[in-house]
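In my numbering, the protein residues as written are 88 to 245.
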């Protein structure tokens, strides 16, 4: 029983290690693609994002995993980088940036739509009270006119 457990742990550990190595290599390949897309040498890339050249070399070689600090520095220097693509391969390497003029134009369109919707007249649903009828348990009632708030009629309902 102990032997089986030990073998399972060793196999699981080996699989996890192989998966980590595969992920490191995939990340390294995508990082190389990104650096090529930027058109610079890896040493300059390391300098621009503020990491040690040797650290970048180890990541590219697949020996080290990228740290959160590494990713933050990369995105800070290159905000158009799609980190999701870099980590998983899903999506495109570069995120399309919307220019300020496009954003301002879209905001202007939305503001115009809002202003147009504000101008739609809301009909007055308030009704005027013309008279009030009060019915009593003894089968009598009173009518009150809006302009003459005193009792107008007192009669029996038959």
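Ideal Cβ placement from N, Cα and C applies to all residues, glycine included. Remember, it's a predicted structure, so these values are computed and weren't measured experimentally.
Inset, instruction - Determine, using beta carbons only, whether residue 70 and residue 147 come nearer to each other than 8 Å. - result: Since the first residue shown for the chain is 88 and the last is 245, residue 70 is missing from the structure and cannot be characterised.
Inset, instruction - Drop a sphere of 10 angstroms on the beta-carbon of residue 220, count the other beta-carbons inside from all chains shown, and report buried for 16 or more, exposed for fewer. - result: Classification of residue 220: exposed, given that the 10 Å Cβ count is below 16.
Inset, instruction - Could you tell me if residue 227 is buried or exposed, where buried requires 16 or more neighbouring beta carbons within 10 angstroms of its beta carbon? - result: So residue 227 ends up on the exposed side.
Legend entry - Inter-residue spacing [alpha-carbon to alpha-carbon] between residue 244 and residue 224: Residue confidence for residue 244 is low, a pLDDT of 48 falling below 50, so the modelled location carries little weight; the figure read from the coordinates is stated next. Going by the C-alpha atoms only, they are around 11 Å apart.
Legend entry - C-beta contact flag for residue 132 and residue 125 at 8 Å: yes
Inset, instruction - May I ask you to list the residues that DSSP assigns as paired with residue 181? - result: 168
Legend entry - Straight-line Cα distance separating residue 157 from residue 127: 18 Å
Inset, instruction - Quick one: using the 10 Å Cβ neighbour count with 16 as the cut-off for buried, is residue 166 buried or exposed? - result: exposed
Inset, instruction - Reducing DSSP to helix, strand and coil, say where residue 211 ends up. - result: Coil.
Legend entry - First through last residue of the alpha helix (DSSP H) which encompasses residue 131: That run of the alpha helix (DSSP H) goes 129-136.
Inset, instruction - Measure the alpha-carbon distance for residue 194 versus residue 140 and round it to whole angstroms. - result: 43 Å
Legend entry - Heavy atom of the ligand SAM within 7 Å of residue 180 beta-carbon: For the ligand SAM, the structure offers nothing, since it holds no ligand at all.
Legend entry - From 155, 171, 137, residue whose alpha carbon lies closest to that of residue 164: 137
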